[in-house]
Amino acid sequence: RIGTQEKGFLIKCSPWNINIMSSPGLTALGESTRLVPANVPAVFEVLPPPGASIRGSDCVATVLSPSKSKVNARVTHEAANGAVRIEFVPNEVGTHIIEASIGGTTLVGGPLIAKVYDSSLIQVTDVNGGVVGQPCQFRVDASAAGEGQLEISINEGEVPNHVQVVGGGRCLVSFTPEQAKPHLIDIKFNGETVIGCPFVCSVADTSRVLLNLSNLELIPVNRPASFHITVSGGGAAELAVSVRGPQGELPVRVTGDIHAGFTAEFTPNNVGAHTINVEYNGYPVQGTPFVAKSYDATKVGVGSVSKGTVGRPVQFTVDAGDAGEGNLEITISAKGHNIPV
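Residues in the sequence shown are numbered from 1 upward in steps of one, following UniProt numbering.
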């Protein structure tokens with residue numbers, strides 16, 4: 001019974017008696033909206049009205065892709081439950097609309113929706129190595145993969161990670177390794193493993209490497225300069241030593257082994273700053289880059305010294321402008337005794 005009022009007054013001839021009947025339309029079996037992988041057969045099932053039976057040939061089904069093109073659909077009859085199966089293979093990411101009807105009777109609740117995704121379109125970049133105790137980052141781009149849920153785990157979930165969404169289906173993932181061992185990155189999209197997984201992040205512990213550079217603060221040119229490198233804990237160690245002088249890279253000779261330690265040797269041939277870099281398994285060692293300053297005592301010029309008179313000052317010039325940095329020491333002696341300067 002439905003009654004109608006206007007401004008508080010009951011309208012004449014109301015209320016009316018109306019019979020409510022259930023819709024005889026088709027109904028979807030299962031979720032009417034679901035996630036569907038691309039390039040794999042997608043199946044939706046439709047049930048006839050109660051008491052009715054249908055054949056596959058009675059059902060008309062159309063599938064419309066996101067680009068508004070029709071997708072071939074195959075309709076078959078499932079005898080076990082009396083449903084009609086609508087099967088198609090989507091090859092385009094995005095929302096596909098499935099319309100089904102029998103003799104003009106359409107689906108209750110509107111068309112079926114297939115949200116198609118493609119996990120093979122996910123790109124994982126910037127997976128570089130890391131250092132114990134320092135944050136590592138990599139990027140995941142799912143902008144072309146469609147709708148879905150991204151799952152990221154590192155070393156089977158043992159290492160926590162933080163995901164920062166940067167927009168447009170892209171995110172920045174960071175984690176901090178606590179052990180010097182390979183870290184395996186696994187990524188799933190809607191439960192599917194992303195191609196290329198597991199991605200490997202090699203982690204090194206640069207604190208194992210100790211350098212003794214104290215004797216390299218000031219070094220003479222054209223003479224070999226060396227320093228010692230100790231790697232504690234044993235195991236494999238890939239050391240890379242480079243020295244760059246005022247006029248470019250210098251040859252460096254590294255000798256020794258993991259047990260006795262390594263010695264790096266180079267010969268500066270120009271006055272000025274020499275930058276020493278030491279990397280362990282591809283990562284800078286603490287204390288580097290170190291700057292050694294080379295000098296050349298032969299470039300210190302002493303001006304002419306005139307004859308002197310007892311009790312009167314004598315002057316001369318010393319030019320160390322081209323000799324590099326260092327401490328200048330001047331000693332004057334006569335008959336075994338030093339004379340103040």
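C-beta atoms are modelled at their ideal positions from N, C-alpha and C, and glycine is treated no differently.
### Message
Taking its Cβ as the centre, do 16 or more other Cβ atoms sit within 10 Å of Val-243, making it buried, or is it exposed?
### Response
Residue environment analysis places Val-243 among the buried positions, since at least 16 neighbouring C-beta atoms fall within 10 angstroms of its C-beta.
### Query
Which runs of the beta strand (DSSP E) fall wholly inside the UniProt repeat "Filamin" (106–203) and span at least 3 residues, in chain order?
112–117, 123–125, 136–141, 150–154, 162–167, 170–175, 183–189 and 199–201
#### Entry: Terminal residues of the beta strand (DSSP E) in which Ala-273 lies
272–280
### Task
Buried or exposed for Asp-296, please, with buried defined as at least 16 other CB atoms from any protein chain shown within 10 angstroms of its CB.
buried
### Query
For Lys-188, which residues of its own chain have a beta-carbon under 7 Å away from its beta-carbon, when the five flanking residues on both sides are left out?
So the list reads Glu-151 and Val-194, once near-sequence residues are dropped.
### Query
Mapping DSSP to helix, strand and coil, what is Ala-73?
In this structure, Ala-73 counts as strand in the three-state DSSP scheme.
### Query
What's the gap between the Cα of residue 343 and the Cα of Phe-316?
Because the chain here runs from 1 to 341, residue 343 falls outside it and cannot be looked at.
### Query
Can you tell me whether Leu-216 is buried or exposed, with buried defined as 16 or more other CB within 10 angstroms of its CB?
buried
### Message
Only counting the same chain, and skipping five residues up and downstream in sequence, which positions put a Cβ closer than 7 Å to that of Gly-109?
### Response
Ser-32
### Query
With a cut-off of 8 Å, do at least 3 Cβ pairs link the stretch 207–216 to the stretch 243–257?
no
### Task
Below 8 Å CB to CB, which residues in the same chain sit around Val-43 once its five sequence neighbours on both sides are set aside?
Arg-85, Ile-86 and Glu-87, listed in sequence order.
### Task
Could you pull the start and end residues of the beta strand (DSSP E) that Val-84 belongs to?
83–88
### Query
Would you call Gly-133 buried or exposed, if buried means 16 or more other Cβ atoms sit within 10 Å of its Cβ?
exposed
### Nearest-angstrom beta carbon gap, Pro-177 and Val-203 [assumed within contact, 8 Å]
4 Å
### Query
Thr-267 and Gly-256: beta carbons closer than 8 Å?
No, these two residues do not count as a Cβ contact at 8 Å.
#### Entry: Proximity to Val-300 [Cα-Cα], best of Val-271, Gly-308 and Val-291
Val-271
### Identity of the residues DSSP links to Glu-249 by a beta bridge
Arg-244
#### Entry: CA-to-CA distance, His-96 to Ser-143, given in whole angstroms
18 Å
### Message
Restricting to runs no shorter than 3 residues, where is the beta strand (DSSP E) found entirely within the stretch 277–330?
### Response
290–295
### Task
List the residues that DSSP assigns as beta-bridge partners of Asn-215.
Bridge partners of Asn-215: none, in fact.
### Message
Quick check on Ser-226 - is its C-beta less than 8 Å from some C-beta in chain B?
### Response
No chain B appears in this structure, which consists of one protein chain only.
### Query
With burial defined as no fewer than 16 other Cβ atoms inside 10 Å of the residue's Cβ, what is the status of Asn-281: buried or exposed?
buried
#### Entry: For Asp-58, the three-state DSSP class (helix, strand or coil)
helix
### Task
Please work out which residues of its chain come closer than 8 Å, Cβ to Cβ, to Pro-219, disregarding the five sequence neighbours upstream and downstream, and give them in chain order.
What sits at residue 219 in the sequence shown is Ile, not Pro. Hits under 8 Å: Ala-225, Pro-268, His-274, Ala-292, Lys-293, Ser-294 and Tyr-295.
### Task
May I ask you to list the residues that DSSP assigns as paired with Thr-206?
Thr-206 is not bridged to any residue.
### Message
Which of the three DSSP states is assigned to Arg-223 in this structure?
### Response
Note: Arg-223 maps to coil in three-state DSSP.
#### Entry: Assigned secondary structure, Ala-334 (DSSP; H/G/I helix, E/B strand, else coil)
strand
### Query
Alpha carbon to alpha carbon, what distance is there between Arg-223 and Val-314?
35 Å
### Contacting residues, own chain, Cβ-Cβ under 7 Å from Leu-64 (five flanking each side not counted)
Lys-70, His-96 and Ile-97
### Message
Restricting to Cα atoms, I'd like to know which of Val-318, Leu-184 and Val-93 is closest to Ser-304.
### Response
It is Val-318 whose Cα lies nearest to the Cα of Ser-304.
### Query
Under three-state DSSP, which class holds Ala-260?
coil
### Message
Assuming Val-36 is part of the beta strand (DSSP E), what are its boundary residues?
### Response
33–37
### Message
I believe residue 345 touches Val-163 by the beta-carbon criterion, under 8 Å. Please report the beta-carbon distance rounded to the nearest angstrom.
### Response
Any answer about residue 345 is impossible in this case: the structure gives the chain only from 1 up to 341.
### Query
Alpha carbon to alpha carbon, how far is Leu-107 from Val-75?
Cα-Cα distance, rounded: 15 Å.
#### Entry: Collapsed DSSP secondary structure at Thr-267 in the structure displayed
In the structure shown, Thr-267 falls within a coil segment according to DSSP collapsed to helix, strand and coil.
### Message
Quick check on Leu-328: buried or exposed, where buried means 16 or more other Cβ atoms within 10 Å of its Cβ?
### Response
exposed
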